[in-house]
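K.L.:
Be aware that the sequence shown starts at 2, since it is given in this note's numbering, and climbs by one per residue. The structure that follows is given in the form of structure tokens.
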Amino acid sequence: MIKKGDSKIIRAWTFYDWANSVYPLVITTAIFPMFYEYQTSHDANGNLTNDLVEFMGGSFRNTQLYSYVISVSFIIVSIISPLLSGLADYSDSKKSFLKFFCYLGSLSCASLFFFDVTHLELSMVPVLLASVGFWGSLVFYNAYLPEIAHAESHDKISAKGYSLGYIGSSILLILNLIAIMGFDMPAKYAFLSVAVWWIGFSQYTYAYLPNAAYSDKPKENKFTKGFKELKKVWGELKELTTLKRYLGSFFVYSMGVQTVMIMATLFAAKEINWEGDGAKTGLIVSVLIIQFIAIGGAYLFSWISSKIGNIASLSITLFIWVFICIGAYFIHEPVEFYVIAGSVGLVMGGIQSLSRSTYSKLLPVTKDHASYFSFYDVLEKLGIVIGTFAYGFIEGWTGSMRNSIFALGAFFIVGFVLLLRVPKNEQIAANKS
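Listed below in structure tokens is the structure:
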């Protein structure tokens, strides 16, 4: 059994954020979105054409297609997470599954080196699998938190993990930008660097993180256990009023948070009035603004939560998110986008860190943390499916990504209202009505 509070294990756990956070920054936020948008809107000679692409016999706007592919990846993760959670518990191989998805995601990032718009169907496969690998690994990674640390440390440890991720991924992004802008390195080599970084630094985590906290193996069918556990968790939520209400809010507001992370760069590339080659530089500057402010944001809201509680702190972040969406609809100039980017960074670090730690605090006394975190992850992924699909659908329907902001604003407003129904004192036992 794991001894809770072991500093070596906790340090190894948080370091996986350092390793894997290069994927959401370099691949989903910064370099690949710009690479993808350019490749799908210019001809072989670099001349601007349009943003329509042919895929599987249909015609789509390039960013609309991108959001759909990401939606499919989250559908896949939602389906396989319960199965894999059950397999991991059955074989005491939580770390092995974490490694599998890590390698799947990182090697898929490396495969983006061969992205070719003339073979778009094949080229979007690693986009899909990289997303499956990253989010699939988080199912098992997040499940470790309540097993390695005491509840009163969850906020601080979660914030430390996110902060390490922001710092590490920013370092790799800056190195890639120096190589691309200073030495004319083709952008596709950045995708290889993500694979090497992700695999390489994760080895420190694997060296110290144990496979499982408990030695008792479940007796159920290993292929159906995960789905049965989700059903069990669903049934138990009827008696866990605080946890149930929190998850209702989380389900809705995570639609907005993750969609912003995935689509923000593409929105800026299309909707902001950049001058000349200013788009590339401006977008990178905005991404770095988000990253470094998010580091402070994670710790700021961790401190705020220690003063007023997690639920109240999350309410503040959602309130700010609503105003960010309102402002984003009206911005057109780069300086305006920088202000929005800074605001996003402030609440992005806070809401991600607090969401994970709040859930871990609200869990009932149980040895089966993997099932509860599988439920959490499935819920989050289904929310992202709705968020990214809605974003792409509205763009395809109206012809403008700007109109998709209405959906994001609605997610944050509804999430805020639902969060108000959660008892402010999350130290109340989650199993009390």
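All C-beta atoms in this analysis are idealised placements derived from N, C-alpha and C, irrespective of residue type, glycine included. Source: prediction; values computed, not measured.
Assign G400 to one of three DSSP states: helix, strand, or coil.
P.N.:
Note: G400 maps to coil in three-state DSSP.
K.L.:
V366: buried (16+ other C-beta within 10 angstroms of its C-beta) or exposed?
P.N.:
Result: exposed.
K.L.:
Expressed to the nearest angstrom, what Euclidean distance is found between the alpha-carbon atoms of L420 and V288?
P.N.:
In a straight line, the C-alpha of L420 is about 29 Å away from that of V288.
K.L.:
Report the three-state DSSP secondary structure of T61 (helix, strand or coil).
P.N.:
Thr is not the amino acid found at residue 61; the sequence shown has Phe there. Reduced to three states, the DSSP call for F61 is strand.
K.L.:
So, at 6 Å on beta carbons, what are the nonlocal neighbours of D378 in its own chain, with the 5 sequence-adjacent residues on each side left out?
P.N.:
S82, V140, listed in sequence order.
K.L.:
What are the start and end residues of the beta strand (DSSP E) that includes E272?
P.N.:
Element bounds for E272: not the beta strand (DSSP E) but the alpha helix (DSSP H), 242–272.
K.L.:
Measuring alpha carbon to alpha carbon, tell me which residue in N311, H151, G297, I387 is nearest K4.
P.N.:
Closest option to K4, Cα to Cα, is H151.
K.L.:
Taking only the alpha-carbon atoms, compute the straight-line gap between T389 and Y104 and give it to the nearest angstrom.
P.N.:
Between T389 and Y104, the C-alpha separation is close to 25 Å.
K.L.:
DSSP three-state call for H155: helix, strand or coil?
P.N.:
Here H155 sits in helix by DSSP.
K.L.:
Helix, strand or coil: which one does DSSP assign to E276?
P.N.:
Three-state DSSP puts E276 in coil, outside helix and strand.
K.L.:
Could you tell me if Q292 is buried or exposed, where buried requires 16 or more neighbouring beta carbons within 10 angstroms of its beta carbon?
P.N.:
Result: buried.
K.L.:
I'd like the span of the beta strand (DSSP E) that includes V54, first residue to last.
P.N.:
Start and end: 53–56.
K.L.:
In three-state DSSP terms, what is L364?
P.N.:
Looking at L364 - three-state DSSP - the assignment turns out to be coil, as it is neither helix nor strand.
K.L.:
Whole angstroms are fine: how far does the CA of I327 sit from the CA of L124?
P.N.:
For clarity, residue 124 is Ser in the given sequence; the question names Leu instead. So the two alpha carbons sit approximately 35 Å from each other.
K.L.:
Taking all protein chains shown into account, decide if N308 is buried (16 or more other Cβ within 10 angstroms of its Cβ) or exposed.
P.N.:
Inspection of the sequence shows that residue 308 is occupied by Lys rather than by Asn. By the 10 Å Cβ count, K308 comes out exposed.
K.L.:
Rounded to whole angstroms, how far is the Cβ of L409 from the Cβ of V261, which I believe are closer than 8 Å?
P.N.:
At roughly 6 Å, the Cβ-Cβ gap stays under 8 Å, so L409 and V261 are in contact.
K.L.:
For the putative contact between G343 and I294, defined by C-beta atoms under 8 Å, what is the C-beta separation to the nearest angstrom?
P.N.:
Contact flag correct, Cβ pair sits at about 6 Å.
K.L.:
Classify D117: buried if its beta carbon has 16 or more other beta carbons within 10 angstroms, exposed otherwise.
P.N.:
That one is exposed.
K.L.:
For F228, which of F202, L85, E148 has the nearest alpha-carbon?
P.N.:
Cα-wise, what sits closest to F228 is L85.
K.L.:
Taking the continuous alpha helix (DSSP H) assigned at Y190, which residues delimit it?
P.N.:
Run containing Y190: 189–209, per the alpha helix (DSSP H) assignment.
K.L.:
Mind checking which residues open and close the alpha helix (DSSP H) that includes N143?
P.N.:
121–144 is the extent of the alpha helix (DSSP H) around N143.
K.L.:
Between S20 and T206, which are expected to be in contact by the criterion C-beta below 8 Å, what is the C-beta distance as a whole number of angstroms?
P.N.:
The residue asked about is misnamed: residue 20 is Ala in this sequence, not Ser. Confirmed, about 7 Å.
K.L.:
Could you give the distance in angstroms between the alpha-carbon of S216 and the alpha-carbon of L99?
P.N.:
Only weak support is given to the placement of S216: the predicted model assigns it a pLDDT of 47, under 50, and the value that follows is read from those uncertain coordinates. Roughly 18 Å between the two C-alpha positions.
K.L.:
Check this for me: beta carbons of M57 and E122, under 8 Å apart or not?
P.N.:
Yes, these two residues count as a Cβ contact at 8 Å.
K.L.:
Should the stretch 165–174 be regarded as contacting the stretch 49–69, the criterion being three or more beta carbon pairs within less than 8 Å?
P.N.:
The answer is no - the stretch 49–69 does not touch the stretch 165–174, with fewer than three Cβ pairs under 8 Å.
K.L.:
Given a threshold of 16 other Cβ atoms within 10 Å of its Cβ, counted over all protein chains shown, does A214 qualify as buried or as exposed?
P.N.:
Only weak support is given to the placement of A214: the predicted model assigns it a pLDDT of 49, under 50, and the value that follows is read from those uncertain coordinates. With 16 or more other Cβ atoms within 10 Å, it is buried.
K.L.:
Going by CA-CA distance only, name the one from I158, K157, K271 that's closest to H435.
P.N.:
Since the first residue of the chain shown is 2 and the last is 434, residue 435 is not available in this structure.
K.L.:
Would you call the stretch 44–53 in contact with the stretch 188–202, where contact means no fewer than 3 C-beta pairs closer than 8 Å?
P.N.:
As far as the Cβ criterion goes, the stretch 44–53 does not touch the stretch 188–202, which means the pair count is below three.
K.L.:
Does DSSP classify L355 as helix, strand or coil?
P.N.:
Note: L355 maps to helix in three-state DSSP.
K.L.:
Using three-state DSSP, classify L421 as helix, strand or coil.
P.N.:
L421 falls in the coil class under three-state DSSP.
K.L.:
Going by CA-CA distance only, name the one from L210, G397, A313 that's closest to G59.
P.N.:
Per the Cα distances, G397.
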